[in-house]
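*Asks:*
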Amino acid sequence: MLDVPIPKDMVHPMLMSVSYMAKYSTANDHLPCVVWSNILLAKIESEEPEDGIITDITTHPNDINVMPQTSEGATAVCLLSVLGIKANNLENHWNHFIDCQHIPLNVHIVQSSRLYLQVRILEHPTMAMFHSLLMDVSATWLDDQEGRCLLQKRQEARMRADDTEAKAVNEENARKAAETQQAADEQAKTEAEVKQHVAEAQSAADARA
Numbered sequence: 289m290l291d292v293p294i295p296k297d298m299v300h301p302m303l304m305s306v307s308y309m310a311k312y313s314t315a316n317d318h319l320p321c322v323v324w325s326n327i328l329l330a331k332i333e334s335e336e337p338e339d340g341i342i343t344d345i346t347t348h349p350n351d352i353n354v355m356p357q358t359s360e361g362a363t364a365v366c367l368l369s370v371l372g373i374k375a376n377n378l379e380n381h382w383n384h385f386i387d388c389q390h391i392p393l394n395v396h397i398v399q400s401s402r403l404y405l406q407v408r409i410l411e412h413p414t415m416a417m418f419h420s421l422l423m424d425v426s427a428t429w430l431d432d433q434e435g436r437c438l439l440q441k442r443q444e445a446r447m448r449a450d451d452t453e454a455k456a457v458n459e460e461n462a463r464k465a466a467e468t469q470q471a472a473d474e475q476a477k478t479e480a481e482v483k484q485h486v487a488e489a490q491s492a493a494d495a496r497a
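Heads up, the sequence shown is in my numbering, so the first residue is 289 and it goes up one at a time.
1. Taking the continuous beta strand (DSSP E) assigned at H419, which residues delimit it?
2. Closest to V395 by C-alpha separation, out of L405, L430, M423, would be which residue?
3. Among all the DSSP beta bridges, which residues are the ones paired with T452?
4. Using a threshold of 8 angstroms, state whether the C-beta atoms of S307 and S426 are closer than that.
5. Is A315 closer than 8 angstroms to H390 when the C-beta atoms are compared?
6. Can you determine whether any heavy atom of the ligand PLP sits closer than 7 angstroms to the C-beta of E467, and answer yes or no?
7. If you draw a straight line from the C-alpha of A416 to the C-alpha of E379, how long is it?
8. Determine the direct distance from the alpha carbon of L319 to that of T414, and round the result to whole angstroms.
9. Checking 8 angstroms against the spacing of the C-beta atoms, do V323 and K374 come in under that value?
Here it is in structure tokens:
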């Protein structure tokens, strides 16, 4: 199983094509085998998914099955499946099976997705058999401009909402500060009037005395 990197700097990237090469070589084999190549798109719900997918493919005891173990929270869709037959070599020399494909696609990738090249080999191995498997995969992507514009608009709307909320909070704090200051001023004025009345009363008492 090879993980095909999905661009992180694109918003909802479009998978336009996949190119891969799978080369399976054996020596000392006497029976043909089946080489099964799949392009799988897995939807992972967690941000950091475990290395696993769920498929409806059954596993044979003699399979060379290069795929992660099953884990919860992941489902896979097979975008492409290529089936090939590898012949044997009765002279016990190395013989090779090469599967090269360039597949045009138009697939919209959502967040938390994983793309894989899976190779399954069904054969009847022996103790004297040697194996070699080489895999290479690449993909072409197209940025979703509409999705990027929509995401930008959402971010701008969120920023405006945050600014409005911050402005309202500042205005409320300023209003409370003004009310507190006004209450303090009124209290100071009242205390000054009381002191003035006490002073006037004392002056009048002194005058009478």
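All C-beta atoms in this analysis are idealised placements derived from N, C-alpha and C, irrespective of residue type, glycine included.
Since the model is a prediction, treat every value here as computed from it, not as a measurement.
*Replies:* According to the structure shown:
1. Looking up residue 419 in the sequence shown gives position 131. Start and end: 418-430.
2. To locate residue 395, count along the sequence shown from 1; it is residue 107. Checked all of L405, L430, M423; the closest Cα to V395 is L430.
3. Here the question's residue 452 lines up with position 164 in the sequence shown. Beta-bridge pairing links T452 to no other residue.
4. As a first step, residue 307 must be located in the sequence shown, where it is residue number 19. As a first step, residue 426 must be located in the sequence shown, where it is residue number 138. Result yes, Cβ atoms of S307 and S426 sit closer than 8 angstroms.
5. Walking along the sequence shown from the start, residue 390 turns up at place 102. Walking along the sequence shown from the start, residue 315 turns up at place 27. No, the pair does not count as a contact, with Cβ atoms beyond the cut-off.
6. No copy of the ligand PLP occurs in the structure displayed, which carries no ligand at all.
7. Working through the sequence shown from its first residue, we reach residue 416 at position 128. Working through the sequence shown from its first residue, we reach residue 379 at position 91. Roughly 13 angstroms separates the two Cα atoms.
8. One-based indexing of the sequence shown puts residue 414 at position 126. One-based indexing of the sequence shown puts residue 319 at position 31. T414 and L319 have their C-alpha atoms some 10 angstroms from each other.
9. The residue given as residue 323 occupies position 35 in the sequence shown. The residue given as residue 374 occupies position 86 in the sequence shown. In contact: V323 and K374 (Cβ atoms closer than 8 angstroms).
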